[in-house]
Amino acid sequence: KNEVEQSPQNLTAQEGEFITINCSYSVGISALHWLQQHPGGGIVSLFMLSSGKKKHGRLIATINIQEKHSSLHITASHPRDSAVYICAGMNYGGSQGNLIFGKGTKLSVKP
Amino acid sequence: NAGVTQTPKFRVLKTGQSMTLLCAQDMNHEYMYWYRQDPGMGLRLIHYSVGEGTTAKGEVPDGYNVSRLKKQNFLLGLESAAPSQTSVYFCASSYGGTKYEQYFGPGTRLTVT
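Top line first, the protein sequences correspond to chains A and B.
Heads up: the first sequence begins at 1257 in this note's numbering, then just goes up one per residue.
Heads up: the second sequence begins at 147 in this note's numbering, then just goes up one per residue.
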């Protein structure tokens, strides 16, 4: 069993819809990252959070440490949001910053 | 700033050949990482470095070697390539360990025939 699980694996939405991607983890982590991988392959960091909620534009990330769960929300989705979204936990107590990655959620937003 | 760059972008090798992948960053980051990404699997850590002259094994280090002779460069070597090493390789760097985001390079697509 993967230590970081994402759901759903694939998600198709219509433009304008509110989207939620979930991430659950079974290990202790000190921080959780949300990454976006573009269709061309490049990976960018969207958020890093260890508690509460962060917002950037139409993207919102939340984390509940006690429940070991994080969500990424996209409001007013757009076709340019189509990408693979990856959550990754930073190992608690590890000083190296090693990340444990989920397998990703492939999002396709249709116009 | 170029950020994190990787050379080459694509490469095809025959089984048994060797090659070196170069990662360079211009952000003065201490930490650097090499990952591989395979279909249906999450990114997996191959090796990492917490500073110039240091390297350590990650989750899947077998068949790879690394060197960090200069702070800005992190090299990944395949001494004798195998088809199982066909993958997309990503380099990343960060200012520190925990609580610092990682910046990723564009990736190198390697095929071993």
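Even for Gly, the Cβ is constructed at its ideal location relative to N, Cα and C.
{"Query": "Could you check the C-alpha separation between B:D128 and B:L224 for me, to the nearest Å?", "Result": "Outside the displayed span of chain B (147 to 259) sits residue 128 of chain B, for which this structure offers no information."}
{"Query": "Keeping to the same chain, check which residues put their C-beta closer than 6 angstroms to that of A:F1274; ignore five residues upstream and five downstream.", "Result": "T1331"}
{"Query": "Would you mind working out which of B:S239, B:L168 and B:T201 sits nearest B:H175, comparing C-alpha positions?", "Result": "B:S239"}
{"Query": "What's the call for B:T259, buried or exposed, on a 16-neighbour Cβ count within 10 Å?", "Result": "exposed"}
{"Query": "In chain B, which residues lie with their C-beta within 9 angstroms of the C-beta of A:H1289?", "Result": "E247 and Q248"}
{"Query": "Report yes or no: is there a C-beta of chain A within less than 7 angstroms of the C-beta of B:G149?", "Result": "no"}
{"Query": "Mind checking if B:P252 is an interface residue toward chain A, Cβ cutoff 7 angstroms exclusive?", "Result": "yes"}
{"Query": "Is there a Cβ of chain A sitting closer than 7 angstroms to that of B:G199, yes or no?", "Result": "no"}
{"Query": "Is it a yes or a no for the region 1328–1343 of chain A touching the region 1280–1294 of chain A, going by three-plus beta-carbon pairs under 8 angstroms?", "Result": "yes"}
{"Query": "Tell me whether the beta-carbon of B:R190 lies closer than 7 angstroms to the beta-carbon of B:E205.", "Result": "yes"}
{"Query": "Within 10 angstroms of its Cβ, does B:V158 collect 16 or more other Cβ (buried), or is it exposed?", "Result": "exposed"}
{"Query": "Note down the Cα distance separating B:Y249 from B:K217, rounded to an integer number of angstroms.", "Result": "15 angstroms"}
{"Query": "Hey, out of B:G209, B:G197, B:E198 and B:N219, whose CA is closest to B:M165's CA?", "Result": "B:G209"}
{"Query": "Given a cut-off of 7 angstroms, decide if B:F156 and B:S195 are closer than it, judged by their beta-carbon atoms.", "Result": "no"}
{"Query": "Considering only the beta carbon of each residue, do A:N1266 and A:K1359 sit closer than 7 angstroms?", "Result": "no"}
{"Query": "Say whether chain A places a C-beta atom closer than 7 angstroms to the C-beta of B:L167.", "Result": "no"}
{"Query": "Quick test of your reading: A:L1288 and A:G1345, contact by CB under 8 angstroms. State the CB separation rounded to the nearest angstrom.", "Result": "5 angstroms"}
{"Query": "Tell me B:L189's beta-bridge partners as DSSP assigns them.", "Result": "Answer is none; B:L189 lacks a bridge partner."}
{"Query": "How close, in whole Å, do the beta carbons of A:S1307 and A:I1316 come, if the pair is a contact with beta carbons under 8 angstroms?", "Result": "The Cβ separation is near 14 angstroms, so there is no contact."}
{"Query": "Flag B:L189 as yes if its beta-carbon sits less than 7 angstroms from any beta-carbon of chain A, otherwise no.", "Result": "yes"}
{"Query": "On the DSSP bridge assignment, give the partners of B:G223 in chain order.", "Result": "B:T166 and B:N211"}
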